[in-house]
Amino acid sequence: MTFSVPEKPTLDGIEEKWSKNWEKSGVFTFREDDTTSPIFSIDTPPPTVSGSLHAGHVLSYTHTDIMARFKRMTGHNVFYPMGWDDNGLPTERRVQNYYGIACDPSISYVPTFVPTPPTDANAKPLPISRTNFVNACQKLTQEDEQAFEKLWRTLGLSVDWSKTYTTIGQRAQRVSQLSFIRLFKEGALYHGESPTLWDVDFQSAVSQAELEDKEEDGLFYSINFSLAGTSDQVEIQTTRPELLASCVALVANPKDPRYQSLFGKFAITPLFEVEVPILAHPLAEIDKGSGIAMICTFGDLTDVLWWKELNLALRPTIDRRGRLASIDFSDERFPSKNPNSANAFYSEIEGKTTKTARTTIAKTLEVHGFFHDQPKKVRHSVKYFEKGDKPLEVVTSWQWYIRTLAHKERLLELGKELHWNPPYMKVRYDNWVNGLASDWNISRQRYFGIPIPVWYPIDDEGQIDRLSPILPEEDELPIDPFQDTPSGYDPGQRGEKGGFIGDYDVMDTWATSSLTPQIASGWEENSDLFKRLFPMDLRPQGQDIIRTWLFYTILRSYLSEDRLPWKNTVISGFVLDPDRKKMSKSKGNVVTPMPLIEKHGADALRYWAANGRPGVDTAADENSMKIGRRLAIKVLNASKFALAIAASELDVQGVSEVELSPIDEAVIRDLEGVVANATKSLDSLDHTRGLEATETFFWSFCDNYLELIKIRAYGTSEQGVTFTTSQTLSARITALAVINTSLRLLAPYLPFATEEVWSWFESGSVHSQDWPNDLTIMDTAKAYLGKLTSPEATLKTGEANQIETSAIYQVLSKVRRAKSEAKTSMKSPVSKLKIVGSSSIIRNFELAKNDLMVALVTNQINLVNNEDQADLEVEIELAPR
RNA sequence: GGGCGUUUAGCUCAGUUGGUUAGAGCAGCUGAUUUACACUCAGCAGGUCGGGGGUUCGAGUCCCUUAGCGCCCA
């Protein structure tokens, strides 16, 4: 048996060394032609490349990688691709800032334009064409993706890099557009002109999942409306008086006694003098203000609901820039009793932002005596786009929707079928599905995204006929309706009367990333592969995107395959900063992984991550990384030691049989228990317990077992004790078998250190070894015996001589305590050692007496049987110094 | 407002179906030692399990209540 153990083992540089080696040898490649091994497939979360990878990613991706490596070792053909989410708004924002550019679709393409970061950070953004802008996005995301890949490789993710996909790539485009077309034909996807939440800064619609409620200070205005045909007045309250011109009705709760007589009558809006009905609806809150509210087009989503349910008129006044649009009160849509004065009042606010218009019109109302009371301060929640800075408006526009409301029940059932880890995370999904209020708007008025694959005919009057969309054929996909021409038309007919025009919009990023299982596993491309991979085994992800990524993916899988996209999901917690505060860019406490890897090593960072349980928030704790590093170093050193003693000189001539010493057999039995335990834990996706079991054993193996058998394993004699060659071999092969097994148990957690050690004395990669079996450790020991002696040598175990390591370690500990209390060296001799206990306990020491004598440094151990002795009693006398 | 999670040694966390003196690592303190490992080794000390009530022979572990923290939904 030959070893090549470095003189001074080190963790330095092993990330680069082994990640390159793995790439070359292809140990992590999915074997598509292997149709016999069971498959374990992972639906990788594609990280947003426009952001930066932080410790939170490391946590979740390491958990996934531990499972991937474990499954690979248990004989699975692991399908573990990586995806990059480069599509969408976050990328646009990063590109705008990075290159100092802004997309202006009215500008024409400049082929020679090369985006470069601006020299003057304060310079105004350079307007460029849509195509140039999209190219700039492509360029930067590719650079970002390389940096991300480097980090993942350094962290040791066992990804099959040949399967990498991106959410803007050709494959993703084809899948997204194909799904779009099919859903449209089935009626699961529709388009129409309807009220939509709109971000005035981003100039785009947003979906329910992207909303964020923010508590804000506002003013509650109290305004008098006069009642039609009387001199009476009714007081309504609102936070948005600037919407007065778009008021279409007043509403109160049907149970509110104050307004019973008013229902069915009409009120006149102040200033604009438009007659509006007074109606009843249960959503009107009795105890909110005066209990009667104005319904506008549209102040919020409740207005939208009232508009639909009460069948009201439309009087839109807010335009897409969030300003008061130009309207005319002589128009039938705004039927003022006094159009001239209405127009005059309105001209004060026309063109202004909602915020400015609010204060302006409030002043006018007050001046003209329409205030019932002075405005009161209130805290109210306002809806924002999660990435936006201004409150959302509701505007009416053409959008594409995927139906969600119609499938609520089935979606809840699918949530039940999914195996959630931890199980309580399912509640978040249920909450979300139950709270769905609108279908999913998937169109975004942006540039860098997958085009909506639709054209519209232009009629002979030059009007776009949105109701007759032209769809591409499936085999034409992917298409860009701005570049490509629908069949039956000429490119020259673009934008002409009787011609066609492409849909301007792109899809919401989630409309693509909700298809990652289909994109990765060959849907509609390789049906044989798809059948084998889908549904996938594991979806790991963060708790923050249950309502988006997880929900949408289930929805899409249900719509296209009528079943779940995966069998299991593991939801990771947040990573908190070292002070247990949530990390966020604005707080500036984001922990980035690369410096941590440089400081502690990848295995150390993985160790920290492995100690975070699914669903539990975990602090970025460098202390834990230090402990991980210690473990990795211990693995190097202990292995080096075991190999060194195994290789030290010993005359094995004529050895044909070795009997395993009782303590050696005991430590192997301990390890069998650990293997069973770790396997069970990992099988149930509990990586933390799996690590804990192995780590505890391994550390005790180093501190207790190796210390105990050191002398015997070297084959030297001390304290007048000599060991036979058989006994020495027994210790050597046990140490080797334990190291071998421990390396495999630790390989998913510490892939670099274990691989490094494996390379010293075994062939191949530790990551393609079989996961240890609790029944075959003895076989491993026997194999090492064959290597150290001759292949024919037999190994005998002592069934009748079974002992427990715990009893032995207990005496070890008691003697150490005595020496420590005497402040003397562990190598100082013990002059007298008496152990009293029941015969069954004493038997342990009889069978390990020689090892104990040399390890404790004593030439005599007095063992006394006493059946009345409940506990072990040890008398220790140290030799005088 | 509804819901989920969490509260165990100075810190970070284990404590499986309720059962003997509540565990670990780190930090602290006391030592040892440099032929596997100073990114070492040994030992010591330190909690009555957020508060209150209850069920039980017995509760950190079940029930009720209350408070703090975090998050989800409205």
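Counting with UniProt numbering, you get residues 1 to 881 for the letters of the first sequence.
Every residue, glycine too, gets a C-beta built ideally from N, C-alpha and C.
Using only the alpha-carbon positions, how far apart do residue i and residue j sit?
i: Val658; j: Pro791; result: 12 Å
i: Gln170; j: Ile452; result: 14 Å
i: Glu332; j: Met82; result: 57 Å
i: Ala602; j: Leu155; result: 5 Å
i: Phe225; j: Asn253; result: 18 Å
i: Tyr749; j: Glu695; result: 11 Å
i: Ala362; j: Asp300; result: 19 Å
i: Cys247; j: Leu467; result: 29 Å
i: Leu550; j: Leu411; result: 11 Å
i: Leu691; j: Ala678; result: 7 Å
i: Tyr165; j: Ile107; result: 31 Å
i: Ile464; j: Met594; result: 52 Å
i: Gly720; j: Val857; result: 10 Å
i: Arg494; j: Thr485; result: 8 Å
i: Ser514; j: Ile479; result: 20 Å
i: Ile458; j: Gly498; result: 5 Å
On a CA-only basis, which of the options is nearest residue i? Give me that one, please.
i: Gly56; options: Lys383, Ala609, Arg629, Lys531; result: Ala609
i: Val570; options: Leu564, Asp686, Leu477; result: Asp686
i: Asp651; options: Thr728, Thr696, Arg816; result: Thr728
i: Leu533; options: Pro6, His76, Ser4; result: His76
i: Lys377; options: Thr553, Ala713, Glu216; result: Glu216
i: Leu682; options: Tyr489, Pro118, Arg466, Ile66; result: Ile66
i: Tyr109; options: Pro117, Thr131, Asp120; result: Thr131
i: Leu157; options: Arg94, Tyr165, Ala68; result: Ala68
i: Gly218; options: Glu92, Gln237, Ser207, Gln208; result: Gln237
i: Thr2; options: Glu707, Lys827, Leu643, Leu227; result: Leu643
i: Val504; options: Ala123, Ile450, Ala870, Pro491; result: As written in the sequence, residue 504 is Tyr, which differs from the Val given in the question. Ranking the options by Cα distance to Tyr504, first place goes to Ile450.
i: Arg606; options: Asn865, Ala753, Leu636, Pro772; result: Ala753
i: Pro46; options: Lys139, Lys163, Cys137; result: Lys163
i: Tyr98; options: Leu211, Ser50, Ser204; result: Ser50
i: Glu149; options: Asn338, Ala822, Trp84; result: Trp84
i: Tyr784; options: Gln399, Ser204, Glu762; result: Glu762
i: Lys139; options: Asp86, Phe180, Ser179, Lys185; result: Asp86
Give the DSSP-derived three-state secondary structure of residue i in the structure shown.
i: Arg130; result: helix
i: Trp18; result: helix
i: Leu872; result: coil
i: Lys352; result: coil
i: Met294; result: strand
i: Thr396; result: strand
i: Pro457; result: strand
i: Gln810; result: helix
i: Gly488; result: coil
i: Ala511; result: helix
i: Glu193; result: strand
i: Arg744; result: helix
i: His281; result: coil
Let me confirm a value: residue i is counted as buried when at least 16 other C-beta atoms fall within 10 Å, else exposed. Which label applies?
i: Gly187; result: exposed
i: Tyr424; result: exposed
i: residue 959; result: One cannot answer for residue 959 here, as it falls past the ends of the chain, which runs 1 to 881.
i: Gly435; result: exposed
i: Asp373; result: exposed
i: Lys819; result: buried
i: Ser648; result: exposed
i: Glu275; result: exposed
i: Thr512; result: buried
i: His368; result: exposed
i: Ala520; result: buried
i: Met625; result: buried
i: Val114; result: exposed
Which residues in the same chain have their Cβ closer than 7 Å to the Cβ of residue i, if we skip the five residues on either side of it in sequence?
i: Ala713; result: Ile645, Thr728, Ala731, Arg732, Ala735
i: Gln769; result: Met73, Arg744
i: Leu878; result: Ala818, Lys819, Ala822, Thr824, Ser828, Val830, Ser831
What does a CB cutoff of less than 8 Å around residue i pick up in its chain, not counting 5 residues either side in sequence?
i: Gln543; result: Met425, Arg428, Ile571, Ser572, Gly573, Phe574, Gly615
i: His63; result: Pro540, Val570, Ser572, Ala609, Ala610, Gly612, Pro614, His687
Can you list, in chain order, the residues of its chain with a C-beta nearer than 6 Å to that of residue i? Leave out the 5 residues immediately preceding and following it.
i: Trp510; result: Thr548, Tyr552
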